[in-house]
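Novice: Sharing a structure here in structure tokens format.
Number of protein chains: 4
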Amino acid sequence: MTWFDNSIMSRRAEAKGLVTETYSMTEADQGKYHYVYGPYASPVLTVDPGAQISVETHDAFEGKIKDETDLPSQVLNVPYLNPQNGPIFVNGAEKGDCLAVYIKEIRPRGPQPVGTTCLIPEFGGLVGTGDTALLNAPLPERVKKLHVDAVTGVKWNDKITIPYEPFIGTIGTSPEIEAISSLQPDYYGGNMDLPDVAPGAVIYLPVNAPGGLLYLGDCHAAQGDGELCGVAVEHPTVTTIQVDLIKGWNFKWARLENENVIMTIGSSRPMEDASRIAYRELVRWMAADYGFEELDAYMLLTQVGRVRLGNMVDPKYTLGASISKKFLA
Amino acid sequence: MTWFDNSIMSRRAEAKGLVTETYSMTEADQGKYHYVYGPYASPVLTVDPGAQISVETHDAFEGKIKDETDLPSQVLNVPYLNPQNGPIFVNGAEKGDCLAVYIKEIRPRGPQPVGTTCLIPEFGGLVGTGDTALLNAPLPERVKKLHVDAVTGVKWNDKITIPYEPFIGTIGTSPEIEAISSLQPDYYGGNMDLPDVAPGAVIYLPVNAPGGLLYLGDCHAAQGDGELCGVAVEHPTVTTIQVDLIKGWNFKWARLENENVIMTIGSSRPMEDASRIAYRELVRWMAADYGFEELDAYMLLTQVGRVRLGNMVDPKYTLGASISKKFLA
Amino acid sequence: MTWFDNSIMSRRAEAKGLVTETYSMTEADQGKYHYVYGPYASPVLTVDPGAQISVETHDAFEGKIKDETDLPSQVLNVPYLNPQNGPIFVNGAEKGDCLAVYIKEIRPRGPQPVGTTCLIPEFGGLVGTGDTALLNAPLPERVKKLHVDAVTGVKWNDKITIPYEPFIGTIGTSPEIEAISSLQPDYYGGNMDLPDVAPGAVIYLPVNAPGGLLYLGDCHAAQGDGELCGVAVEHPTVTTIQVDLIKGWNFKWARLENENVIMTIGSSRPMEDASRIAYRELVRWMAADYGFEELDAYMLLTQVGRVRLGNMVDPKYTLGASISKKFLA
Amino acid sequence: MTWFDNSIMSRRAEAKGLVTETYSMTEADQGKYHYVYGPYASPVLTVDPGAQISVETHDAFEGKIKDETDLPSQVLNVPYLNPQNGPIFVNGAEKGDCLAVYIKEIRPRGPQPVGTTCLIPEFGGLVGTGDTALLNAPLPERVKKLHVDAVTGVKWNDKITIPYEPFIGTIGTSPEIEAISSLQPDYYGGNMDLPDVAPGAVIYLPVNAPGGLLYLGDCHAAQGDGELCGVAVEHPTVTTIQVDLIKGWNFKWARLENENVIMTIGSSRPMEDASRIAYRELVRWMAADYGFEELDAYMLLTQVGRVRLGNMVDPKYTLGASISKKFLA
């Protein structure tokens, strides 16, 4: 028995965390990838709770950055960035429910060097951008192609190798009536770029549109806190998820659980608002489901809460706030 | 001859600022109002450059707040707020062009009291919100219905009457692939809540989708800088605009011109980013069209630039940066 | 009779807004200028309420930028910037009181070109700074010396002349135990760079240390909203103020009154916090002194409040929120 | 041999990381505690590089919150909060040098319950504050006194015990001419509330005033990321530090080293600026001392950088950015 057998997904979801059917979603199955999270696209797959799905994700550039001499500003075409698989329609999912997505495996796919990072003009955490709009000249563009191996890691240069610690950069459900760029994270998930959204974790996503309409893509082979220059080690993958449905678990912002913690995820600007969202959601979760009085939860998190900075580069910044399960017993 | 005869619209647009046809768009013509700015709705009207259109706008609550005993949290249904007329398809408009919209008149319509302001939980400039997420208890809800007269003004109470200074709170074009809540302002316009978008002004909107797809609504009878509690004097109107097309005038963020100034409009969070956007756009406009060297424009704006705070309550804050035309001669 | 005869200063201050004694404070009288607002410097002048004082202020660079070939980064010596006259000890002023300072006149002094603006590396509203810390290369340095005439204005170039609209960039009282850079604005005033602090206005400053300890300097011949590049038209002046004392008028943040408005001033980061401070103080002032119920003031300011952006470049940003006196009658 | 023998302090400081003399600084030795970081106080101790000092620190409330019925708003007296030991004058320290402070031990002192946390009106991460100035009613005040034991931990309630993981909440050097509240973190250290400033770490502080003038206090028995409600488990301690001097190591922002990482610390508002500062300093450090090309460091930190949120409640927010030493070899 593993922690997952006692997870919220296993205890509360329709299929009890069990696999009831399996699917694969190849590039060909997907056909056209999507660049917005919204209800206006037709589902490419319809599943029941309990479906396991292996998904061929593209990298964030849809493979257009092919070598180190490419200029991102020339080969990329805004807003057609961060291509997403999906949407996946989950039978029975209605507004006010929760999609539970157990992340089972992420494997690199395609010929080496399969990883890409780069500097893109007016994008990144230490440069002027479209919002932090400045007159300074942009940094030079630069592309770095990287050999990524699930066992030996990401080879940065002759001296430095980075462990392969893959996660899903962008995953979420559809808003009710909006269609929002897949570059943006928000209450429904989206481009959170949060390294905790990794194999072994369950992400809980609010359902706002019929079927939930799950999208995902943008897997990273490695990423530091904040995704500083805006581009992690982007790579195409086969990503395997298991999707389940928790009826009537109604909350606004995406949540996460793994063996050790429960986590709430906030995305906003300025960054302190993302942090406030995440921590307030965590206070409320502790009060609703773990028997805490709200102000006691607030004071306890002051002593034991943990914060993970996902991104400091996207249209909204993302932070996860968590508490160890050992304080929830 | 008025300033308008020498406006950018009159000089550069397809119909030269002349009215070539007139339309009215009643509530019945509109049918279903819209709550997102996007390309997924069918046009309700297709016009040529030079069209004058009288539009029956709803107030931001679609008339659902009927009297002072109503509770906003009960009668309103998120995200179905801030109903918009449109979209209006302008023949010939393509990505990279500019829609010029001359605002000719705004008149209140409907039975008195035609104006509404109110306090809505977790919304406003001096309260915790969904983003500035806090544990403090919300303020009480409160509704104030107001008699609005185009001549005598808005009667606040027995002692205070506010001048009728109407403007369009929400107006803009469609993003290319996104569909964004009409509560949000952004590069394409939207819910800017900027009092300069008033009769006598021309707003220049970037075209991102075929036909431009113009939306508008949310007219205010009066509003202070920042729209402090989040709800101006909202009222249904007949709003008359004249729409024209400037081919190849390609810029990212909405702009405005009136008799006295040219203005650029930025929307973002935190507020300083909105200001940076607006001022950088103004620097670039002065350099592109008025013969300034960029750094000289930057230094001159330091001495003569003006800033108008539109809203400090919406999903993005809006500021307009302007320079008097007397410095551009 | 002028508005001033009915000002708060005239009605409530110890000397009733009357001049009871006159002083001049020349460069020689001042001797060493100050670079912090704090209680650790000895007063250079001690006065009674009702004192009129003519002060020889330096420009923000203490005259070190002498011509257009100077490099600011070489001739300036951080933190010895923005030299201040004072402190002036006001007899009877104690913590919890208010200093009222009526600004009577500002005149340029010294040989032409008496005005200076410039671009300083990593300082300004549209560049990366020490706080918005980026990797972009800084803009080039640039100095512009300007002929400033109180009658004919500031000559920008052959085509552009800017009206002479002088104000005091930096004025305030001492904190109780802190000594804070004269580059920073805060609750006690300081480097607000707010154009409303001009001849004809009264600024009300909270007293936090015995005698109040008034400092001032950094007069600007002209400035746009936000002081965009960080350097207005800086110039040395003779500035005449009249100082009075309001016992027991206890508030935290600097306030202002002129013929038309009452204004509260907030300084913070991010900019929305400066706006929140200013507006909350205004709500409270209206409730305390003008008979408004607090939420009614909040809702009324939503319709008629005005915001002036002082600076968007200093260690804290400054905004003034005001309401026309016609709504206070 | 431990990692410390190969630390920057051991390699580069005057006393080579060796203890050359020992001192104790009791409450009686200290006499009056300080509430600002500045150059205007007389040193209470003058030492040579290599001094080991055992310091009796007060808790952040100077012991004034004695039991759970006390109201913080009544027993505390702003700005006399967060009392600091020091200043300690280090012989030979001049502007442009670095003080290295090795944190050797923190032990609770005084009678149980020795720990205090509480809710203070208008202070904390999930409430309106003096800067995020709102109209919502404050939360109720609440005090929690806690039994703190260095071995068994902090007893929260019958079910929850928190490990004793003490660190120094406030430590730093004096600014050159400013005297800044000990509640504020900044470039010189101060109230960073960063849990990494713990026994086993070396903090490197820039010297701005002669002798460096080291202050410290405000030790926490435990704290979560962000110090959410603003008050960690505050407790009086005996804290033992070893002070050394690195001549000519000139940088602006406080840095840290422990067995596993090097870390830079940024403090600012909004939070993204704190993060930018920390990461830019880390890029520059890697370029200056570890042989990285600057943009390569920027791209590498994108993949392996780590961020720790110190506080989200103080006048400036604090984040630490770090890189594992394994990537620096």
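Here the protein sequences line up with chains H, Y, L and V, keeping their order.
Position one of the first sequence corresponds to residue 0 (numbering that gives the first Met the number 0), numbered consecutively onward.
Position one of the second sequence corresponds to residue 0 (numbering that gives the first Met the number 0), numbered consecutively onward.
Position one of the third sequence corresponds to residue 0 (numbering that gives the first Met the number 0), numbered consecutively onward.
Position one of the fourth sequence corresponds to residue 0 (numbering that gives the first Met the number 0), numbered consecutively onward.
Where a beta carbon is used, it is the ideal one built from N, C-alpha and C, also for glycine.
Here the structure is a predicted model, which is why all the values come from computation and not from measurement.
What first and last residue would you give for the alpha helix (DSSP H) that runs through residue 74 of chain V?
Specialist: Counting from one through the fourth sequence, the residue named residue 74 of chain V turns up at place 75. Note, residue 74 of chain V: alpha helix (DSSP H), 71-74.
Novice: Is it right to say residue 28 of chain L is buried, meaning 16 or more other beta carbons lie within 10 angstroms of its own, or is it exposed?
Specialist: Here residue 28 of chain L refers to the residue found at position 29 of the third sequence. So residue 28 of chain L ends up on the exposed side.
Novice: At 3 residues or longer, what runs of the beta strand (DSSP E) sit wholly inside the segment 96-156 of chain Y?
Specialist: DSSP runs (the beta strand (DSSP E)) wholly in the segment 96-156 of chain Y: 97-107, 114-118, 141-148 and 152-154.
Novice: Take residue 209 of chain V as the anchor and find which of V/37, V/8 and V/193 has the nearest alpha-carbon.
Specialist: Position 210 of the fourth sequence, counting from 1, holds the residue named residue 209 of chain V. Among V/37, V/8 and V/193, the Cα nearest to that of residue 209 of chain V is on V/37.
Novice: In the DSSP output, which residue or residues are listed as bridge partners for residue 50 of chain Y?
Specialist: Translated into positions along the second sequence, residue 50 of chain Y becomes position 51. Residue 50 of chain Y pairs with Y/20 and Y/242.
Novice: Going straight from the alpha carbon of residue 67 of chain L to that of residue 284 of chain Y, what length do you get?
Specialist: Locating residue 67 of chain L in the third sequence gives position 68, where the first residue counts as 1. Locating residue 284 of chain Y in the second sequence gives position 285, where the first residue counts as 1. Those two C-alpha atoms are separated by around 27 Å.
Novice: Along chain L, which residues have their Cβ under 9 Å away from the Cβ of residue 255 of chain V?
Specialist: Start at 1 with the first residue of the fourth sequence, and residue 255 of chain V comes out as number 256. Here the premise fails: no neighbours, minimum Cβ distance about 18 Å.
Novice: At a cut of 8 Å, does the segment 238-253 of chain L reach the segment 97-110 of chain L through at least three beta carbon pairs?
Specialist: At 8 Å Cβ cutoff, the stretches touch.
Novice: What residue range is occupied by the uninterrupted beta strand (DSSP E) comprising residue 253 of chain H?
Specialist: Within the first sequence, numbered from 1, the residue matching residue 253 of chain H stands at position 254. Here residue 253 of chain H belongs to no beta strand (DSSP E), and DSSP marks it neither H nor E.
Novice: Could you tell me how far apart the beta carbons of residue 118 of chain L and residue 294 of chain Y are, in whole angstroms, since I believe they sit closer than 8 Å?
Specialist: For the purposes of this step, residue 118 of chain L is taken as residue 119 along the third sequence, with counting starting at 1. For the purposes of this step, residue 294 of chain Y is taken as residue 295 along the second sequence, with counting starting at 1. Confirmed, about 7 Å.
Novice: Would the beta-carbon of residue 124 of chain Y be found less than 7 Å away from any heavy atom of the ligand FAD?
Specialist: Absence of the ligand FAD is noted for the structure shown, with no ligands found whatsoever.
Novice: Given this structure, state the Cα-to-Cα distance separating residue 202 of chain V from residue 161 of chain Y, to the nearest angstrom.
Specialist: In the fourth sequence, residue 202 of chain V corresponds to position 203, counting from 1. In the second sequence, residue 161 of chain Y corresponds to position 162, counting from 1. In a straight line, the C-alpha of residue 202 of chain V is about 59 Å away from that of residue 161 of chain Y.
Novice: For residue 63 of chain Y, which residues in the same chain have their Cβ closer than 7 Å to its Cβ, ignoring the five residues on either side in sequence?
Specialist: Position 64 of the second sequence, counted from the first residue, corresponds to residue 63 of chain Y. Here the set comprises 74 and 75.
Novice: In chain L, which residues lie less than 9 Å from residue 5 of chain H when you measure between Cβ atoms?
Specialist: Taking the first sequence and counting its residues from 1, the one referred to as residue 5 of chain H is at position 6. Within 9 Å Cβ-Cβ: nothing; residue 5 of chain H doesn't reach chain L, min ~42 Å.
Novice: Which residue from L/228, L/199 and L/305 puts its Cα closest to that of residue 115 of chain L?
Specialist: As a first step, residue 115 of chain L must be located in the third sequence, where it is residue number 116. Closest option to residue 115 of chain L, Cα to Cα, is L/228.
Novice: Can you tell me where the alpha helix (DSSP H) holding residue 316 of chain Y begins and where it ends?
Specialist: As a first step, residue 316 of chain Y must be located in the second sequence, where it is residue number 317. It is not in any alpha helix (DSSP H) - residue 316 of chain Y instead sits in the beta strand (DSSP E) that spans 316-323.
Novice: Are residue 89 of chain Y and residue 211 of chain Y touching if we call contact CB-CB under 8 Å?
Specialist: By one-based count along the second sequence, residue 89 of chain Y stands at place 90. By one-based count along the second sequence, residue 211 of chain Y stands at place 212. For residue 89 of chain Y and residue 211 of chain Y, yes; Cβs fall inside 8 Å.
Novice: With the cut-off set at 8 Å, would you say residue 316 of chain Y and residue 267 of chain Y are in Cβ contact?
Specialist: The residue you call residue 316 of chain Y lines up with position 317 of the second sequence. The residue you call residue 267 of chain Y lines up with position 268 of the second sequence. Contact flag set, yes.
Novice: Does the distance from the C-beta atom of residue 235 of chain L to that of residue 57 of chain L stay below 8 Å?
Specialist: Position 236 of the third sequence holds residue 235 of chain L. Position 58 of the third sequence holds residue 57 of chain L. Yes. Within cutoff.
Novice: With DSSP collapsed to three states, give me the class of residue 328 of chain V.
Specialist: Taking the fourth sequence and counting its residues from 1, one reaches residue 328 of chain V at position 329. Of the three classes helix, strand and coil, the one that applies to residue 328 of chain V here is coil, per DSSP.
Novice: Taking Cβ-Cβ distances shorter than 7 Å, what residues in chain V pair up with residue 269 of chain Y?
Specialist: The count along the second sequence starts at 1 and reaches residue 269 of chain Y at position 270. Under the 7 Å cutoff, chain V gives 269.
Novice: Out of curiosity, what's the CA-to-CA distance linking residue 43 of chain L and residue 224 of chain L?
Specialist: Taking the first residue of the third sequence as 1, we reach residue 43 of chain L at position 44. Taking the first residue of the third sequence as 1, we reach residue 224 of chain L at position 225. Taking the straight line from one Cα to the other gives about 33 Å.
Novice: Beta-carbon of residue 37 of chain H versus every beta-carbon of chain Y: anything under 8 Å?
Specialist: For the purposes of this step, residue 37 of chain H is identified with residue 38 of the first sequence, where counting begins at 1. Yes, because at least one Cβ of chain Y sits closer than 8 Å to the Cβ of residue 37 of chain H.
Novice: Return the first residue and the last residue of the beta strand (DSSP E) that residue 176 of chain L is part of.
Specialist: Taking the first residue of the third sequence as 1, we reach residue 176 of chain L at position 177. Premise fails: residue 176 of chain L is in no beta strand (DSSP E) and is neither H nor E.
Novice: Just to confirm, is the Cβ distance from residue 12 of chain H to residue 71 of chain H under 8 Å?
Specialist: Translated into the one-based positions of the first sequence, residue 12 of chain H becomes position 13. Translated into the one-based positions of the first sequence, residue 71 of chain H becomes position 72. No, these two residues do not count as a Cβ contact at 8 Å.
Novice: With residue 365 of chain V and residue 281 of chain V assumed to form a contact (beta carbons below 8 Å), what rounded beta-carbon distance in angstroms separates them?
Specialist: A question about residue 365 of chain V goes unanswered here, because the residues of chain V that appear run from 0 up to 328.
Novice: Would you mind giving the Cβ-Cβ distance between residue 173 of chain H and residue 86 of chain H, rounded to the nearest angstrom? I have them listed as a contact below 8 Å.
Specialist: Residue numbering aside, residue 173 of chain H sits at position 174 when the first sequence is read from its first letter. Residue numbering aside, residue 86 of chain H sits at position 87 when the first sequence is read from its first letter. About 6 Å separates the two Cβ atoms, so the contact holds.
Novice: Give every residue of the same chain whose Cβ lies closer than 6 Å to the Cβ of residue 327 of chain L, excluding the five residues on either side of it in the sequence, and list them in chain order.
Specialist: Translated into the one-based positions of the third sequence, residue 327 of chain L becomes position 328. The residues are 289.
Novice: On the three-state DSSP scale, how would you describe residue 26 of chain Y?
Specialist: For the purposes of this step, residue 26 of chain Y is identified with residue 27 of the second sequence, where counting begins at 1. Reduced to three states, the DSSP call for residue 26 of chain Y is helix.
Novice: Are any of the Cβ atoms in chain H nearer than 8 Å to that of residue 131 of chain Y?
Specialist: In the second sequence, the residue the question calls residue 131 of chain Y occupies position 132. Judged by the 8 Å Cβ criterion, residue 131 of chain Y is in contact with chain H.
Novice: Can you look up residue 268 of chain Y in the DSSP assignment and give me helix, strand or coil?
Specialist: Numbered from its first residue, the second sequence carries residue 268 of chain Y at position 269. The answer is coil: DSSP assigns residue 268 of chain Y none of H, G, I, E or B.
Novice: For chain H, check one thing: does any of its Cβ atoms lie closer than 8 Å to the Cβ of residue 91 of chain L?
Specialist: Position 92 of the third sequence holds residue 91 of chain L. Answer no: the Cβ-Cβ gap between residue 91 of chain L and chain H never drops below 8 Å.
Novice: Would you call the CB atoms of residue 112 of chain V and residue 146 of chain V closer than 8 Å?
Specialist: Walking along the fourth sequence from the start, residue 112 of chain V turns up at place 113. Walking along the fourth sequence from the start, residue 146 of chain V turns up at place 147. Contact: yes.
Novice: Where residue 105 of chain V and residue 123 of chain V are concerned, what is the direct C-alpha to C-alpha distance, given to the nearest angstrom?
Specialist: In the fourth sequence, counting from the first residue as 1, residue 105 of chain V sits at position 106. In the fourth sequence, counting from the first residue as 1, residue 123 of chain V sits at position 124. Each residue's alpha carbon lies about 26 Å from the other.
Novice: Distance, Cα to Cα, residue 175 of chain Y vs residue 126 of chain Y?
Specialist: Looking up residue 175 of chain Y in the second sequence gives position 176. Looking up residue 126 of chain Y in the second sequence gives position 127. When rounded, the distance between both Cα atoms is 34 Å.
Novice: Quick one: grab the DSSP three-state call for residue 83 of chain H.
Specialist: Translated into positions along the first sequence, residue 83 of chain H becomes position 84. Here residue 83 of chain H sits in strand by DSSP.
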